[in-house]
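Trainee: Input: one structure, supplied below.
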Amino acid sequence: MSDVSSAQAVHLQHNDNAHVKKIWKTFWILLFITLAELGIGLTIYTIHKGADPNHTLVLMFKGLVCILTLAKAFYIVSIFMHLGDEVRNLIMTIIVPLLLFVWFIAAFLWDGNAWKNLKNTDAGSRPNIEKVKHENPPALEQGKKD
Amino acid sequence: MATAAVEQPTTKLWSGGKSPFNVSYGKLMMWYFLMSDAFTFGAFLISYGTIRFSQNVWADPNHVFNAFPFTGHANLPLAFVSLMTFILILSSVTMVLAVHDGHHMNKKGVEKWLVFTILGGLAFLGCQAWEWTHLITGDHEVLVNGAIQHWGTTVSHNPWGPEVEYNGHEIASPGPIAFGGYFFGITGFHGFHVFSGVIINAVMLVKTRLGHFQERGHYEMVEKAGLYWHFVDLVWVFVFLCFYLI
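Given below as structure tokens:
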């Protein structure tokens, strides 16, 4: 353990200024991405204000914001949390379980959308029992009155 | 012969004798805790997404979050939440610098950067308190069952529904009730993390001042607190995306 930490200390002293520079560089990158996201958010706002909003364009911008957010997450985890400097085993033990999110997001959003379709249409609704009763042949009802 | 073979140092990574992850137990467990916490936040956000996808209408964030302190009713979409994001990113930077000075056993530096980090956390919490107060006590005309009512945004009232025609002018109708619950639930859970992060950082500051880490010979505990603090920033990045941007 002591070998590791002293080796680390030597290594850090060597790259001291470089490391602090890297931190501030990451800060500027994060700030720039946040400003870009803000710009896209305001663009979406402007498109929405228009008389005939282009929904495909809005969806594209929202997708772009999602990608920028993932970039920010990468910088925070890799540089600020130093995961990028850890051994590969540790990186994998954290990242691989999080891949489950890919499935979660796809499955649950799909489900939400299916739910909306069910509410808005009669897709998947059960046969209307009352309607079936109503369509009984009138002759039968005339002959047998309970 | 046999005992000599046993005493041979093993060279395989997983056969014992050294940490395959090359980190201490505490740091590894902090990583695993943060991973499980990521699943908790992920579950909340995905649940929010599912409900939002199932609704025909939803509140427009540019419309809901357009206020800024001391500007009255000026329409400033996204401005305040951008400031909050900036504060949190900046406090994340000061935390990395505290951890960095910890590596160099620079007690004064750790103290200085921890103070800045705590101030950043408190500023963020103050902003969130203002935002919540503004939303809850806000007064918006809503057409409910043919009559006008005045609603704030709460877990049971959503005045941000689609506009309808009433006596010749446009007026909002009630929106999906889930909006307030998800917004206050998720930002509240995140705010609670920020709050506990501030407490943890305050404890780190006190322990640094008392010279505990100097005696111990390393500042690894500040590093672990730092991991937690960056995670809080990381979650905010996604909350910002899900509630304010899309």
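Chains A and B, in that order, give the protein sequences. Using numbering that gives the first Met the number 0, the letters of the first sequence correspond one by one to residues 0 to 145. Using numbering that gives the first Met the number 0, the letters of the second sequence correspond one by one to residues 0 to 245. Here a beta-carbon is modelled for each residue, glycine too, at the ideal position from N, C-alpha and C.
Just checking my contact of W228(B) with T84(B) at CB under 8 Å: how many whole Å lie between their CB atoms?
Mentor: If you number the second sequence from 1, residue 228(B) lands on position 229. If you number the second sequence from 1, residue 84(B) lands on position 85. Between T84(B) and W228(B) the Cβ distance is about 15 Å, and since that is not below 8 Å, they are no contact.
Trainee: Can you name the residues of chain A whose CB is closer than 9 Å to the CB of N55(B)?
Mentor: Looking up residue 55(B) in the second sequence gives position 56. Going along chain A in sequence order, the residues near N55(B) (Cβ under 9 Å) are K115, K118 and N119.
Trainee: Using C-beta distances below 8 Å, list every residue in its chain close to T2(B), excluding the 5 sequence neighbours before and after it, in chain order.
Mentor: Position 3 of the second sequence, counted from the start, is the residue given in the question as residue 2(B). Only weak support exists for where T2(B) lies, its pLDDT of 48 falling under 50; the coordinates are left without a value.
Trainee: Buried or exposed for S1(A), going by 16 or more other Cβ atoms inside 10 Å?
Mentor: Within the first sequence, numbered from 1, the residue matching residue 1(A) stands at position 2. Note that S1(A) has pLDDT 47, beneath the 50 cutoff, so the model's placement of it is unreliable and no number is given.
Trainee: Inspect the beta-carbon positions of G119(B) and I86(B) and report whether they are closer than 7 Å.
Mentor: In the second sequence, counting from the first residue as 1, residue 119(B) sits at position 120. In the second sequence, counting from the first residue as 1, residue 86(B) sits at position 87. Cβ distance < 7 Å, so G119(B) and I86(B) count as in contact.
Trainee: Going by DSSP in three states, E85(A) sits in which element: helix, strand or coil?
Mentor: Within the first sequence, numbered from 1, the residue matching residue 85(A) stands at position 86. E85(A) falls in the coil class under three-state DSSP.
Trainee: Find the residues of chain B that neighbour T33(A), judging by a C-beta separation of less than 9 Å, and give them in chain order.
Mentor: Taking the first residue of the first sequence as 1, we reach residue 33(A) at position 34. Correct list: S81, T84, F85, I88, V236 and F239.
Trainee: Does the region 28 to 48 of chain B touch the region 96 to 108 of chain A, meaning 3 or more C-beta pairs lie closer than 8 Å?
Mentor: The answer is yes - the region 28 to 48 of chain B touches the region 96 to 108 of chain A, with three or more Cβ pairs under 8 Å.
Trainee: Mind checking F159(A): buried by the 16 CB within 10 Å criterion, or exposed?
Mentor: The question about residue 159(A) has no answer, for chain A in this structure spans 0 to 145.
Trainee: What number of angstroms, rounded off, separates the C-alpha of Q213(B) from the C-alpha of T207(B)?
Mentor: For the purposes of this step, residue 213(B) is taken as the residue at position 214 of the second sequence. For the purposes of this step, residue 207(B) is taken as the residue at position 208 of the second sequence. Rounded to whole angstroms, Q213(B) to T207(B) spans 8 Å at the Cα level.
Trainee: Closer than 6 Å by C-beta to I43(A): which residues in its own chain qualify, once you throw out the five before and the five after it? Chain order, please.
Mentor: The count along the first sequence starts at 1 and reaches residue 43(A) at position 44. These residues qualify, in order along the chain: V57 and F60.
Trainee: Between the beta-carbon of V238(B) and the beta-carbon of H189(B), is there less than 7 Å?
Mentor: As a first step, residue 238(B) must be located in the second sequence, where it is residue number 239. As a first step, residue 189(B) must be located in the second sequence, where it is residue number 190. Against a cut-off of 7 Å, the Cβ pair of H189(B) and V238(B) comes out as a contact.
Trainee: Do you know whose CA, among W131(B), M29(B), F20(B) and V63(B), lies nearest G184(B)'s CA?
Mentor: Taking the second sequence and counting its residues from 1, one reaches residue 184(B) at position 185. Closest option to G184(B), Cα to Cα, is W131(B).
Trainee: May I ask you to verify whether the region 56 to 76 of chain B touches the region 103 to 112 of chain B, counting CB pairs closer than 8 Å and requiring at least 3?
Mentor: Short answer: they don't touch.
Trainee: Closer than 8 Å by beta-carbon distance: list the chain B residues that pair up with A72(A), in chain order.
Mentor: Here residue 72(A) is taken as the residue at index 73 of the first sequence, counted from 1. By Cβ distance, chain B contributes L233, V236 and F237.
Trainee: Taking F52(B) as the query, report the chain A residues whose CB atoms sit under 7 Å from its CB, ordered along the chain.
Mentor: Here residue 52(B) is taken as the residue at index 53 of the second sequence, counted from 1. What F52(B) touches in chain A: L108, G111, N112 and K115.
Trainee: Rounded to a whole number of angstroms, what is the C-alpha to C-alpha distance between K11(B) and G40(A)?
Mentor: The residue labelled residue 11(B) in the question sits at position 12 within the second sequence. The residue labelled residue 40(A) in the question sits at position 41 within the first sequence. Distance between the alpha carbons of K11(B) and G40(A): 51 Å.
Trainee: Are there 16 or more other CB atoms within 10 angstroms of the CB of D232(B), so buried, or fewer, so exposed?
Mentor: Stepping through the second sequence from its first residue, residue 232(B) is reached at position 233. Classification of D232(B): buried, given that the 10 Å Cβ count is 16 or more.
Trainee: Extract the residue ranges of the alpha helix (DSSP H) inside the region 16 to 89 of chain B, only unbroken runs of 4 or more that lie entirely within it.
Mentor: The region 16 to 89 of chain B contains these whole alpha helix (DSSP H) runs: 24 to 53 and 60 to 63.
Trainee: Any C-beta of chain B sitting closer than 7 Å to the C-beta of N16(A)?
Mentor: To locate residue 16(A), count along the first sequence from 1; it is residue 17. Output row for N16(A): interface = no.
Trainee: What are the boundary residues of the alpha helix (DSSP H) that includes W150(B)?
Mentor: Along the second sequence, read from residue 1 onward, the residue named residue 150(B) stands at position 151. Not the alpha helix (DSSP H): W150(B) falls in the beta strand (DSSP E), residues A146 to W150.
Trainee: Would you mind reading off the limits of the alpha helix (DSSP H) that contains I46(A)?
Mentor: What you label residue 46(A) is simply residue 47 of the first sequence in a count that begins at 1. D15 to K48 is the extent of the alpha helix (DSSP H) around I46(A).
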